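Student: Numbering (this note's numbering), first residue to last: 3 to 277. Positions of the beta carbon are idealized from the N, C-alpha and C atoms, including for glycine. Nothing here was measured: the structure is a model prediction, and the numbers come from that model.
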Amino acid sequence: MPELPEVETVTNALRPHLVGRCITTVETHTAQLRTPVVVHQHPEICGATITAVRRRAKYILVELDRRLVILVHLGMTGSCRIVTAAAPSVDHEHIIVYLDDGMTWRYRDPRRFGMFELHPIGKEEVIPECLAAFGPEPLAAEFTAEYLRDVCRQRQKPIKNLVMDNACVVGVGNIYASEALYRARIHPGTPAARLSAARCDRLVTAVRQVLQDAIDAGGTTISDFQTVDGSEGKFSRHLDVYGRAGEPCHACSRDLRRVVMAGRSTFYCPACQRY
DNA sequence: AACACGTCCTGAGCGC
DNA sequence: TGCGCTCAGGACGTGT
Numbered sequence: 003m004p005e006l007p008e009v010e011t012v013t014n015a016l017r018p019h020l021v022g023r024c025i026t027t028v029e030t031h032t033a034q035l036r037t038p039v040v041v042h043q044h045p046e047i048c049g050a051t052i053t054a055v056r057r058r059a060k061y062i063l064v065e066l067d068r069r070l071v072i073l074v075h076l077g078m079t080g081s082c083r084i085v086t087a088a089a090p091s092v093d094h095e096h097i098i099v100y101l102d103d104g105m106t107w108r109y110r111d112p113r114r115f116g117m118f119e120l121h122p123i124g125k126e127e128v129i130p131e132c133l134a135a136f137g138p139e140p141l142a143a144e145f146t147a148e149y150l151r152d153v154c155r156q157r158q159k160p161i162k163n164l165v166m167d168n169a170c171v172v173g174v175g176n177i178y179a180s181e182a183l184y185r186a187r188i189h190p191g192t193p194a195a196r197l198s199a200a201r202c203d204r205l206v207t208a209v210r211q212v213l214q215d216a217i218d219a220g221g222t223t224i225s226d227f228q229t230v231d232g233s234e235g236k237f238s239r240h241l242d243v244y245g246r247a248g249e250p251c252h253a254c255s256r257d258l259r260r261v262v263m264a265g266r267s268t269f270y271c272p273a274c275q276r277y
């Protein structure tokens, strides 16, 4: 169940298990996730030491010495766990990375929408080239109302679809797009170019707040993640609108609505959120 | 059976 | 007619 807050949580949970470890072997049980799985075909990965574990957008970057990085995306159903090398495999466990302390890092993904790739990093760069075109991190200082207003200019598509576009801002998925627009009291179908400066300001604030709240709430998944059985635990979301069609708005008690926009479920309050 | 929290690809539509 | 761009919709396995 990966959204930016959970990718952040997984990244932070993996870090102490991986940094400083040396990779001994990599075993793969599928040839194809969203992209072909070829990580085991790179002999230079064996013996490499993990130097850092970071997040960019919804990607987990596991950096190795030798200017290599493992790029992991959880897609819709991807998950990671750290268990001993002797632990039995479970269904849809596609990749097992053996570490020099007797533990393993395992990637599981029933729908196989995720990815697990090995990339070189150029001399000048800190991240792989394929991530360079992304927009700013929503929690970084560059994501301002002025920036969003600028991106919105001349764009006719609904603001909900624009904030979900990684070229505009990364990490805002289908759930948090609806939640942020509700908090900002903006109708999800509003053409982006029609947003005033004041509404852009409200939206930027709402995106930051809802993601930060979710990261804070996601803290509980860290301990569950670290358990040997890798159980998901209960990541309780504090959702105002997502999945609540027909239920009353927390602010005005009107029935919330569901519509489909760009093929995705979208939830909003017809009274609180205006064009 | 409908629907699922992500991303890439395709093709339609439009302005020049 | 075509180029470049924007945008919506489908596709991608499996699970509930």
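Using 8 Å for Cβ pairs, my map puts Val-85 next to Met-105. What's the rounded Cβ distance?
Tutor: Confirmed, Cβ separation roughly 7 Å.
Student: Classify Lys-125 as buried or exposed, calling it buried when 16 or more other Cβ atoms lie within 10 Å of its own Cβ.
Tutor: It is exposed - the Cβ of Lys-125 has fewer than 16 other Cβ atoms within 10 Å.
Student: How long is the line joining the alpha carbons of Leu-35 and Arg-110, rounded to whole angstroms?
Tutor: Each residue's alpha carbon lies about 10 Å from the other.
Student: With DSSP run on the structure shown, which of helix, strand or coil describes Ala-247?
Tutor: Of the three classes helix, strand and coil, the one that applies to Ala-247 here is coil, per DSSP.
Student: From the DSSP output, in three-state form, read off Asp-257 for me.
Tutor: Correct three-state label for Asp-257: strand.
Student: Relative to the C-alpha of Cys-132, which candidate in Gly-191, Tyr-149, Val-71 and Thr-192 has its C-alpha closest?
Tutor: Among Gly-191, Tyr-149, Val-71 and Thr-192, the Cα nearest to that of Cys-132 is on Val-71.
Student: Is it true that the stretch 142–152 meets the stretch 206–213, where meeting means three or more beta-carbon pairs spaced less than 8 Å apart?
Tutor: With a cut-off of 8 Å, the stretch 206–213 and the stretch 142–152 count as touching, because enough Cβ pairs lie within range.
Student: Classify Val-153: buried if its beta carbon has 16 or more other beta carbons within 10 angstroms, exposed otherwise.
Tutor: Val-153 should be labelled buried.
Student: Looking only at its chain, what residues have a beta carbon closer than 8 Å to the beta carbon of Phe-115, apart from the 5 residues adjacent to it on each side?
Tutor: Here the set comprises Leu-35, Arg-36, Gly-77, Met-78, Thr-79 and Gly-80.
Student: Quick check on the burial criterion: 16 or more other C-beta atoms within 10 angstroms. Buried or exposed for Val-261?
Tutor: Classification for Val-261: exposed.
Student: How far does the beta strand (DSSP E) with Cys-82 in it extend, from its first residue to its last?
Tutor: First-last of the beta strand (DSSP E) with Cys-82: 81–86.
Student: Indicate the three-state DSSP secondary structure (helix, strand or coil) for Ser-180 in the structure shown.
Tutor: Here Ser-180 sits in helix by DSSP.
Student: Hey, how far is the Cα of Arg-196 from the Cα of Phe-136?
Tutor: In a straight line, the C-alpha of Arg-196 is about 24 Å away from that of Phe-136.
Student: Can you tell me where the beta strand (DSSP E) with Pro-122 in it begins and where it stops?
Tutor: Element bounds for Pro-122: 117–122.
Student: Quick check: the stretch 245–257 against the stretch 161–170, are there 3 or more CB pairs under 8 Å?
Tutor: The stretch 245–257, when compared against the stretch 161–170, does not touch it at the 8 Å Cβ threshold.
Student: Per the DSSP calculation, Ala-54 is bridged to which residue(s)?
Tutor: Paired residues: Glu-65.
Student: Would you call the stretch 183–194 in contact with the stretch 10–23, where contact means no fewer than 3 C-beta pairs closer than 8 Å?
Tutor: These segments do not touch.
Student: Helix or strand or just coil, what does DSSP make of Tyr-277?
Tutor: Tyr-277: coil per DSSP, three-state reduction.
Student: According to DSSP, is Ser-225 helix, strand or coil?
Tutor: The predicted position of Ser-225 is uncertain, since its pLDDT is 37 and thus under 50; no value can be drawn from it.
Student: Determine the burial state of His-44: buried for a count of at least 16 other Cβ atoms within 10 Å of its Cβ, exposed for fewer.
Tutor: Exposed, because fewer than 16 other Cβ atoms sit within 10 Å of the Cβ of His-44.
Student: Go through its chain and collect everything with a Cβ distance to Asp-103's Cβ below 7 Å, but skip five positions before and after it.
Tutor: Excluding residues within five positions, the ones whose Cβ falls inside 7 Å are Arg-23.
Student: Would you kindly work out how many angstroms separate the C-alpha atoms of Glu-5 and Gly-175, rounded to a whole number?
Tutor: One C-alpha to the other measures close to 6 Å.
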